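Colleague: Protein chains in written order, with the working numbering: chain P, -11 to 298; chain Y, -12 to 237. A virtual CB, placed ideally from N, CA and C, is assigned to each residue, including glycine. Note that the coordinates shown come from a computational prediction; the quantities given were computed from them, not determined experimentally. Mind having a look at this structure? Questions to follow.
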Ligand SMILES: Cc1cc2nc3c(=O)[nH]c(=O)nc-3n(C[C@H](O)[C@H](O)[C@H](O)COP(=O)(O)OP(=O)(O)OC[C@H]3O[C@@H](n4cnc5c(N)ncnc54)[C@H](O)[C@@H]3O)c2cc1C
Ligand SMILES: Nc1ncnc2c1ncn2[C@@H]1O[C@H](COP(=O)(O)O)[C@@H](O)[C@H]1O
């Protein structure tokens, strides 16, 4: 039976999370159909068709889907779910928002945040802030799954699937979009960045967060991240939060600066390839996961680091 | 308007979960248990709606073992008016909890359900969305601001790209994120008063819900430990290591 993967996009660009989700879907066995649902999103469907491993793209282009609300996307997916063995989406705020509705309407469990596929019905997922990995087997007819993007490599291009427009039934969704305030940044996207410079409460205030960390991020071409404490205190926007309940990241290099290393923060970054910690407290738990730890005052060390990088 | 708040009893967020030696699960014997932190935030939001005169009654609900009564007493001490325990010794997965909550909503007819966005034990992030779907209601997840007026909730949501604001018709389900509010502490007099507030117990069968788990846990393992790292003396050494040893910078 074929597998349905739901693409994440903003009607213009296919999000990188879709590529990781596709890689997970490839491990399930079966033809992969990708659904592109939105309004004015034909270009995204073309991008989806070019992904390596996609057998066919379903394009649902309709004003009812313009706001990408959970209610509308879920109603659409449920209307076309028959005949699929698996329905898969990224475990981003997009996938987490609508996919549980799909599962409930199909009367099946959702398997959240998988990091490995053991068999078409058996998956590994982190629980308890990543302090345990559970292997779970589903007895449901359809497996509804969200994929932790850091668990799977990004699928590349090279496919040439056909795009079929599908008729969108009345979706009956009544939730209205009032507006969006998206963080504008010239830096790489946090979830897909190779290097992340992340700051915590140790920065003291918003001005310092920017003044101290931005030159380092510029030098390294890095994305910027933050601990919950830094976001709560207004140093950085909410979408910078890394952790159990923020974003999960696994860059080549993660620099934790003025971050103590609470369980909830570690849950979001401990799968990074190389971790650097800069903290004035030699006992800070972040040093237990750091490959390279530097004990010192960040206000002295970070500018020195920028200078040393040349 | 009536507000229903589902609260889950979970491992305290300060405790590091330990995997049992036989790989059957996480060891919860003699571990401190508390209300899921996101649910404390949900309770706080409901109480503020009551204090603002928007809500008339706040009902806390917990599904699980008898000890969930403690969690409900906490919600009552924070200001909920009454509580319902759906008692079950079976492991309750999000779909089952959503069905139990739906049955209670059919009876109680709340205008608003405020859940936490995620339980910090299963990290599922599903129940509120599932409940909204089963009820055929709208939803606003990951809320950092909720304004209720004229039969609608205007909700600011924390999403991956920043913030999004939705207007959802009531009745609806909202799930709260960390920055929705800062929950209060229960005072001693309120803890005493909470002991006298009504707490009703029902069973899944009374609600006509089949709670049989759909997912079987085959094993629970500890994640791979990171290799012990090293301390560097200064930034020169750090940069040299990153360039030549780890080879993660040019
Ligand atoms: C339900 C729940 C969910 C949560 N989710 C998340 C999450 O997703 N992500 C997250 O990050 N947290 C999360 N938290 C919060 C988490 O528990 C911690 O409170 C938080 O991570 C602490 O942030 P911090 O390390 O910046 O601050 P602190 O713990 O205050 O640490 C600041 C550090 O800065 C150091 N420092 C201070 N000054 C200097 C200086 N001049 N030079 C060098 N070092 C200095 C200090 O030694 C200290 O180690 C969550 C908590 C709960 C309850
Ligand atoms: N057993 C339960 N009893 C009461 N509420 C629950 C229960 N499980 C989940 N919830 C609610 O659903 C939210 C999300 O949980 P989850 O989907 O398990 O991550 C929690 O924050 C609670 O508000």
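1. Could you work out which residue in P/272, P/52, P/143 is closest to residue 40 of chain P when comparing CA atoms only?
2. When you compare only the Cα positions, how much space is there between residue 225 of chain Y and residue 282 of chain P?
3. Just the chain Y side, please: which residues come within less than 9 angstroms of residue 118 of chain P by C-beta, in chain order?
4. What do you reckon, is the C-beta of residue 26 of chain Y under 7 angstroms from a heavy atom of ligand 2?
5. Out of curiosity, what's the CA-to-CA distance linking residue 45 of chain Y and residue 150 of chain P?
6. Put residue 236 of chain P into one of helix, strand or coil per three-state DSSP.
7. Compare the C-beta of residue 149 of chain Y with all C-beta atoms of chain P and state if any pair is closer than 8 angstroms.
8. In whole angstroms, give me the CA-to-CA distance for residue 100 of chain P and residue 184 of chain P.
9. Tell me whether residue 105 of chain Y, by its Cβ, gets closer than 7 angstroms to a heavy atom of ligand 4.
10. Taking only the alpha-carbon atoms, compute the straight-line gap between residue 114 of chain P and residue 14 of chain Y and give it to the nearest angstrom.
11. Just to make sure I have the definition right: I need the residues of chain Y whose C-beta is within less than 9 angstroms of the C-beta of residue 125 of chain P. Which are they?
12. Assuming the contact rule is C-beta atoms closer than 8 angstroms, residue 124 of chain P and residue 199 of chain Y should be a hit. Round their C-beta distance to whole Å, please.
13. If I follow the unbroken beta strand (DSSP E) through residue 206 of chain Y, where does it start and stop?
14. By Cβ distance below 6 angstroms, which residues in the same chain neighbour residue -6 of chain Y in space, the five residues on each side in sequence not counted?
15. In chain order, what residues of the same chain lie with their CB nearer than 8 angstroms to the CB of residue 68 of chain P, ignoring the 5 residues before and after it?
16. Taking the CB atoms as reference points, tell me whether residue 214 of chain P and residue 230 of chain P lie closer together than 8 angstroms.
17. Is the Cβ of residue 193 of chain P closer than 8 angstroms to any Cβ of chain Y?
18. Measure the C-alpha to C-alpha separation of residue 24 of chain Y and residue 103 of chain Y and round it to an integer number of angstroms.
19. For a contact defined as C-beta to C-beta under 9 angstroms, what are the partners of residue 107 of chain Y on chain P?
20. Please look up how many angstroms separate the CB atoms of residue 246 of chain P and residue 267 of chain P, rounded, as I've assumed it's under 8 angstroms.
21. Where does residue 299 of chain P fall in DSSP's three states?
22. At a Cβ threshold of 8 angstroms, is residue 99 of chain P touching chain Y?
23. Report the residue from P/223, P/207, P/168, P/206 whose alpha carbon sits nearest the alpha carbon of residue 193 of chain P.
24. Looking at chain P, is there any beta carbon in it that lies within less than 8 angstroms of the beta carbon of residue 98 of chain Y?
25. Taking the alpha carbon of residue 111 of chain Y as the point to measure from, which residue in P/105, P/97, P/75 has its own alpha carbon closest?
26. Check whether the region 174 to 191 of chain P touches the region 232 to 250 of chain P, counting contact only when three or more Cβ pairs, one atom from each stretch, lie closer than 8 angstroms.
27. Check the Cβ of residue 228 of chain Y against every Cβ in chain P and list those closer than 8 angstroms, keeping chain order.
28. How is residue 131 of chain P classed by DSSP in three states: helix, strand or coil?
29. Three or more beta-carbon pairs under 8 angstroms between the region 186 to 199 of chain Y and the region 105 to 113 of chain P, yes or no?
30. Enumerate, from N- to C-terminal direction, the unbroken alpha helix (DSSP H) stretches of 4 or more residues contained entirely within the region 107 to 136 of chain Y.
31. Spatial neighbours of residue 182 of chain P within its chain, please: C-beta separation below 6 angstroms, excluding the five flanking residues on both sides.
32. Could you spell out where the alpha helix (DSSP H) holding residue 194 of chain P opens and where it closes?
33. Measure the Cβ-Cβ separation of residue 280 of chain P and residue 234 of chain Y and say whether it is below 8 angstroms.
34. With a cut-off of 8 angstroms on the beta carbons, I'd call residue 131 of chain P and residue 74 of chain P a contact; round off their distance for me.
35. Measure how close the beta-carbons of residue 157 of chain Y and residue 164 of chain P come, nearest whole angstrom, since I'm counting them as under 8 angstroms.
36. Within 8 angstroms of any Cβ in chain P, is that where the Cβ of residue 166 of chain Y sits?
Modeller: In short:
1. The count along the first chain starts at 1 and reaches residue 40 of chain P at position 52. Considering only alpha carbons, the answer is P/143.
2. Numbered from 1 along the second chain, position 238 holds the residue referred to as residue 225 of chain Y. Numbered from 1 along the first chain, position 294 holds the residue referred to as residue 282 of chain P. Rounded to whole angstroms, residue 225 of chain Y to residue 282 of chain P spans 8 angstroms at the Cα level.
3. Working through the first chain from its first residue, we reach residue 118 of chain P at position 130. 110, 210, listed in chain order.
4. Counted from its first residue, the second chain places residue 26 of chain Y at position 39. Yes, ligand 2 has a heavy atom inside 7 angstroms of this Cβ.
5. As a first step, residue 45 of chain Y must be located in the second chain, where it is residue number 58. As a first step, residue 150 of chain P must be located in the first chain, where it is residue number 162. So the two alpha carbons sit approximately 53 angstroms from each other.
6. The residue labelled residue 236 of chain P in the question sits at position 248 within the first chain. Coil, per DSSP.
7. Translated into the one-based positions of the second chain, residue 149 of chain Y becomes position 162. Closer than 8 angstroms: yes.
8. What you label residue 100 of chain P is simply residue 112 of the first chain in a count that begins at 1. What you label residue 184 of chain P is simply residue 196 of the first chain in a count that begins at 1. Roughly 25 angstroms separates the two Cα atoms.
9. The ligand content of the structure shown is limited to ligand 1 and ligand 2, which means ligand 4 is not among them.
10. Reading the first chain from its first residue, position 126 is the one you call residue 114 of chain P. Reading the second chain from its first residue, position 27 is the one you call residue 14 of chain Y. Going from the Cα of residue 114 of chain P to the Cα of residue 14 of chain Y covers about 16 angstroms.
11. Taking the first residue of the first chain as position 1, residue 125 of chain P is located at position 137. Going along chain Y in sequence order, the residues near residue 125 of chain P (Cβ under 9 angstroms) are 202, 203, 204, 205.
12. Along the first chain, one-based indexing puts residue 124 of chain P at 136. Along the second chain, one-based indexing puts residue 199 of chain Y at 212. No, residue 124 of chain P and residue 199 of chain Y are not in contact; Cβ-Cβ is about 15 angstroms, not under 8 angstroms.
13. As a first step, residue 206 of chain Y must be located in the second chain, where it is residue number 219. Start and end: 202 to 208.
14. Here residue -6 of chain Y refers to the residue found at position 7 when the second chain is read from its first residue. Counting only Cβ-Cβ distances below 6 angstroms, and skipping sequence neighbours, we find 22, 26, 47, 49, 58, 62.
15. One-based indexing of the first chain puts residue 68 of chain P at position 80. Hits under 8 angstroms: -8, 23, 46, 154.
16. Numbered from 1 along the first chain, position 226 holds the residue referred to as residue 214 of chain P. Numbered from 1 along the first chain, position 242 holds the residue referred to as residue 230 of chain P. Yes, the Cβ-Cβ distance between residue 214 of chain P and residue 230 of chain P is below 8 angstroms.
17. On the first chain, position 205 is the one that residue 193 of chain P refers to. Taking Cβ atoms only, chain Y never reaches closer than 8 angstroms to residue 193 of chain P, which makes this a no.
18. Looking up residue 24 of chain Y in the second chain gives position 37. Looking up residue 103 of chain Y in the second chain gives position 116. Each residue's alpha carbon lies about 8 angstroms from the other.
19. As a working mapping, residue 107 of chain Y is identified with position 120 in the second chain. 116, 117, 232, 233, 252, listed in chain order.
20. Start at 1 with the first residue of the first chain, and residue 246 of chain P comes out as number 258. Start at 1 with the first residue of the first chain, and residue 267 of chain P comes out as number 279. Correct: roughly 7 angstroms between the Cβ atoms.
21. Residue coverage of chain P in this structure runs from -11 to 298, which leaves residue 299 of chain P outside it and unanswerable.
22. As a working note, residue 99 of chain P is residue 111 in the first chain. Yes, residue 99 of chain P counts as interfacial toward chain Y.
23. On the first chain, position 205 is the one that residue 193 of chain P refers to. The residue with the shortest Cα to Cα distance from residue 193 of chain P is P/223.
24. Taking the second chain and counting its residues from 1, one reaches residue 98 of chain Y at position 111. No - not a single Cβ of chain P is within 8 angstroms of the one on residue 98 of chain Y.
25. On the second chain, position 124 is the one that residue 111 of chain Y refers to. The residue with the shortest Cα to Cα distance from residue 111 of chain Y is P/97.
26. yes
27. Here residue 228 of chain Y refers to the residue found at position 241 of the second chain. The answer, in chain order, is 280.
28. The count along the first chain starts at 1 and reaches residue 131 of chain P at position 143. Strand.
29. no
30. 114 to 122
31. The sequence position of residue 182 of chain P within the first chain is 194, counting from 1. Here the set comprises 239, 240.
32. Within the first chain, numbered from 1, the residue matching residue 194 of chain P stands at position 206. 194 to 208 is the span of the alpha helix (DSSP H), which, as asked, contains residue 194 of chain P.
33. Start at 1 with the first residue of the first chain, and residue 280 of chain P comes out as number 292. Start at 1 with the first residue of the second chain, and residue 234 of chain Y comes out as number 247. No, these two residues do not count as a Cβ contact at 8 angstroms.
34. As a position in the first chain, residue 131 of chain P is number 143, starting the count at 1. As a position in the first chain, residue 74 of chain P is number 86, starting the count at 1. About 5 angstroms; that satisfies the 8 angstroms criterion.
35. Locating residue 157 of chain Y in the second chain gives position 170, counting from the first residue. Locating residue 164 of chain P in the first chain gives position 176, counting from the first residue. The pair is not a contact, with the Cβ atoms about 13 angstroms apart (cut-off 8 angstroms).
36. Locating residue 166 of chain Y in the second chain gives position 179, counting from the first residue. Yes, contact with chain P.
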